Amino acid sequence: METDPGTGEKQRVRRVLLLFLLCASPGCRTLAQGVNERADAILADYRQRRTSIIGSEEPREQWVTGQFTVHALSDERGTLLERVSVRSISGARVLLSIDRLGGGAQLRLRLTLTNQPVDRAAFSAAVTEAWVRTDEGPDVHHLGTVPPWLLALAWAAIERPRSEGPPRTLVVPAGRFDGCVDGVHPAVPLSGVVERAANGVRRELLEFGDDDGGALY
47 METDPGTGEK
57 QRVRRVLLLF
67 LLCASPGCRT
77 LAQGVNERAD
87 AILADYRQRR
97 TSIIGSEEPR
107 EQWVTGQFTV
117 HALSDERGTL
127 LERVSVRSIS
137 GARVLLSIDR
147 LGGGAQLRLR
157 LTLTNQPVDR
167 AAFSAAVTEA
177 WVRTDEGPDV
187 HHLGTVPPWL
197 LALAWAAIER
207 PRSEGPPRTL
217 VVPAGRFDGC
227 VDGVHPAVPL
237 SGVVERAANG
247 VRRELLEFGD
257 DDGGALY
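Residues 47 to 263, numbered by the numbering used here, are exactly what the sequence shown covers, in order.
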């Protein structure tokens with residue numbers, strides 16, 4: 047029996063229209079809802095963990111393969127989670143990973159640098175390549191010239207603030223940190239931030255370590 051050449055296309059259109067109608071209904075879960083639910087669940091789990099005490103430990107300002115931090119970033123729009131990790135260091139090649147989850151979206155950023163930067167200018171010069179994926183979209187590759195918004199996002203995630211002042215004790219989901227100065231603790235790698243507000247965003251440390259843990263997805 048012959049099939050109308052247009053039958054398959056008509057069936058595909060019907061399926062698309064049916065999916066659209068279903069997702070227009072109040073009961074349809076969107077990708078953004080799923081992302082937010084996962085972020086909320088992870089954050090709730092961190093807040094229920096037992097608090098450990100972090101005192102004067104060996105400084106972790108020098109990057110080492112496997113170092114990672116997980117922060118909750120909050121502003122007037124809500125809260126999202128951000129994980130930063132040093133994937134590998136080999137000669138003049140540093141692979142850095144930044145994952146974000148929440149705020150109705152997820153972002154995965156992979157950067158290649160020539161070295162560990164000491165300031166913003168050195169960071170921009172050190173980045174040679176970037177791969178970025180938003181939600182379930184394809185990976186977008188940037189070689190040589192990386193968009194300014196990606197550089198700004200990445201620098202905010204790794205910048206280690208210069209701090210001064212009297213030491214304080216801060217308690218966050220990652221633990222109780224004795225000896226914080228301006229919200230920064232030497233035992234925390236990468237940005238070193240335990241709890242700090244800047245540019246309308248409050249960062250709160252949820253987890254850190256040297257074993258490439260803390261995966262968000």
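We treat Cβ as the ideally placed atom computed from N, Cα and C, and that holds for glycine. Remember, predicted model here, so these are calculated numbers, not experimental data.
- V116 and E104 have their C-alpha atoms some 20 Å from each other.
- Between L159 and V173, the gap from beta carbon to beta carbon is short of 8 Å.
- In this structure the segment 195 to 204 touches the segment 125 to 144; the number of beta carbon pairs closer than 8 Å is three or more.
- With respect to P213, G225 sits close: the two C-beta atoms are nearer than 8 Å.
- Distances from the alpha-carbon of T111 to those of E83, D258 and D91 put D258 closest.
- Counting the other Cβ atoms within 10 Å of the Cβ of E241 gives 16 or more, which makes it buried.
- Measuring C-alpha to C-alpha distances from V247 to each of R123, L141 and S102 identifies R123 as the nearest.
- Put simply, the backbone Cα of P163 is about 31 Å away from that of G150.
- Rounded to whole angstroms, the gap between the alpha carbons of I135 and T76 is 38 Å.
- In the three-state DSSP reduction, G260 falls in the coil class, being neither helix nor strand.
- For G80, there is no enclosing beta strand (DSSP E); the enclosing alpha helix (DSSP H) covers residues L77 to R93.
- Short of 6 Å from the beta carbon of R166, and not among the five residues preceding or following it, lie these beta carbons of its own chain, in chain order: W201.
- In this structure, G148 lies near L126, with their beta-carbon atoms less than 8 Å apart.
- Looking at the backbone, the Cα of E182 and that of S209 are separated by about 39 Å.
- Between G255 and F114, the C-beta gap is smaller than 8 Å, which places the two residues in contact.
- For I88, the CB contacts under 7 Å within the same chain, skipping 5 residues up- and downstream, are L127 and L262 in chain order.
- Between R106 and V217, the CB-CB gap reaches or exceeds 8 Å.
- One Cα belongs to V239, the other to A171, and the distance between them is close to 24 Å.
- Boundaries cannot be given for A233, as no beta strand (DSSP E) includes it and DSSP labels it neither H nor E.
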